[in-house]
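Okay, structure first, notes after.
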Amino acid sequence: MIRFKEFRTLTPYDPFMSGDNLSFFVGGYFPKADLMRILRGGMSIPSDEIMASEFPSVKQRKGMVPFLTLYSRCNNVREHIFDVTVRPYLEINFFFPVTYTHMGEARLCSFMPLLYLDRLFHTIGGCLLGLRKQFHPNLRFTETDTLCSFNIPNILSASFPDDSMEEAEEVDPFFAQIITKPTLTYSYFHKTDFYTTRVFDFKKVCKASADIAWNYKGTVIKSDEYTFCNFAEYSFTVSQAMSYKKYFHP
Numbered sequence: 500m501i502r503f504k505e506f507r508t509l510t511p512y513d514p515f516m517s518g519d520n521l522s523f524f525v526g527g528y529f530p531k532a533d534l535m536r537i538l539r540g541g542m543s544i545p546s547d548e549i550m551a552s553e554f555p556s557v558k559q560r561k562g563m564v565p566f567l568t569l570y571s572r573c574n575n576v577r578e579h580i581f582d583v584t585v586r587p588y589l590e591i592n593f594f595f596p597v598t599y600t601h602m603g604e605a606r607l608c609s610f611m612p613l614l615y616l617d618r619l620f621h622t623i624g625g626c627l628l629g630l631r632k633q634f635h636p637n638l639r640f641t642e643t644d645t646l647c648s649f650n651i652p653n654i655l656s657a658s659f660p661d662d663s664m665e666e667a668e669e670v671d672p673f674f675a676q677i678i679t680k681p682t683l684t685y686s687y688f689h690k691t692d693f694y695t696t697r698v699f700d701f702k703k704v705c706k707a708s709a710d711i712a713w714n715y716k717g718t719v720i721k722s723d724e725y726t727f728c729n730f731a732e733y734s735f736t737v738s739q740a741m742s743y744k745k746y747f748h749p
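The sequence shown runs 500 to 749 under my numbering.
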């Protein structure tokens, strides 16, 4: 545990949690009409002009919005305040570009509507911190000689063939750009929070292919010719969750 004197000098932007991930970054498209139904107060879908300006590498499709899914094996994850390193776990999270408007100010953010985890303790801890986590004890990662896969029965299946892996210099620009935006969540306590996610120290990056089927609130998203994917090994930090005022006007 850090000392009180050190705690007093921490800012909300300092790392609250850090760790190492092995992740598949998957880019896909979600119907705008269905996304509108899950957005919360103050959130809207960015205009085509903003999307083209902020994410120039990603193809714009009529009636669709691009989004990122991270399929991760998380290791060496440390909670900094109490200096606790948690057990390795599986996590699947989603990032959607949204515009958040508050008192006339419009901010481009990455909305994370939920996270799937396979550990109950991590799920409860995350929910108390303002994250919208879901515990799925049947979330499984499988690795064979030919592919890796993540599966939650009746909700999600994702497989990544080994023979599709091709060394790359960096992850797709869309992935890097959407993660650098302020992360926006809407907690189970009906509270909108913001925090900073950083990814760095990429040790391995590959192009990959993905076979995906995800059922979210009746909307079924499947991989197609527009799906794009990277595999990467990297480190990350996450700040504590904050209110709009505390995050943007400290």
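Backbone N, C-alpha and C define an ideal beta-carbon position, used for all residues, glycine too.
- The beta carbon of D710 is closer than 6 angstroms to those of S658 and S722 in its chain, skipping five residues each way along the sequence.
- Three or more beta-carbon pairs separated by less than 8 angstroms are not found between the segment 635–651 and the segment 686–695, which leaves the two stretches without contact.
- Looking at I544, V557 and Y570, the one whose alpha-carbon comes closest to that of F523 is Y570.
- The three-state reading of DSSP puts D644 in coil, since its state is none of H, G, I, E or B.
- About 18 angstroms separates the Cβ atoms of F747 and I677, ruling out a contact at the 8 angstroms cut-off.
- Sequence-distant partners of V670 (beyond 5 residues in either direction) whose C-beta falls short of 8 angstroms from its own C-beta, in its chain, are F524, F701, V704, N729 and A731.
- In the DSSP secondary-structure assignment, S656 is bridged to N650 and A712.
- Note on V737: 16 or more other CB atoms within 10 angstroms of its CB, so buried under the neighbour-count rule.
- For M741, the closest alpha carbon among the candidates L683, C608 and A712 is that of L683.
- The beta carbon of V557 sits closer than 6 angstroms to the beta carbons of P565 and F673 from its chain, once the five residues preceding and following it are set aside; these are given in chain order.
- A straight-line Cα-Cα distance of about 15 angstroms links E604 and S546.
- The beta carbons of E548 and L607 sit about 12 angstroms from each other, so the pair does not count as a contact at 8 angstroms.
- Taking L614 as reference, the option from D644, I651, N575 and M563 with the minimal CA-CA separation is I651.
- In the structure shown, T695 adopts coil according to DSSP, grouped into three states.
- The beta carbon of R560 lies closer than 8 angstroms to those of Y528 and Y725 in the same chain, with the five residues before and after it left out.
- Counting along the chain, the unbroken alpha helix (DSSP H) around T679 starts and ends at P672 to T679.
- Annotation: the continuous beta strand (DSSP E) that includes S522 extends over P514 to P530.
- Looking at the DSSP output, Y615 sits in a beta bridge with I591 and Q633.
- The DSSP-derived three-state label of E548 is helix.
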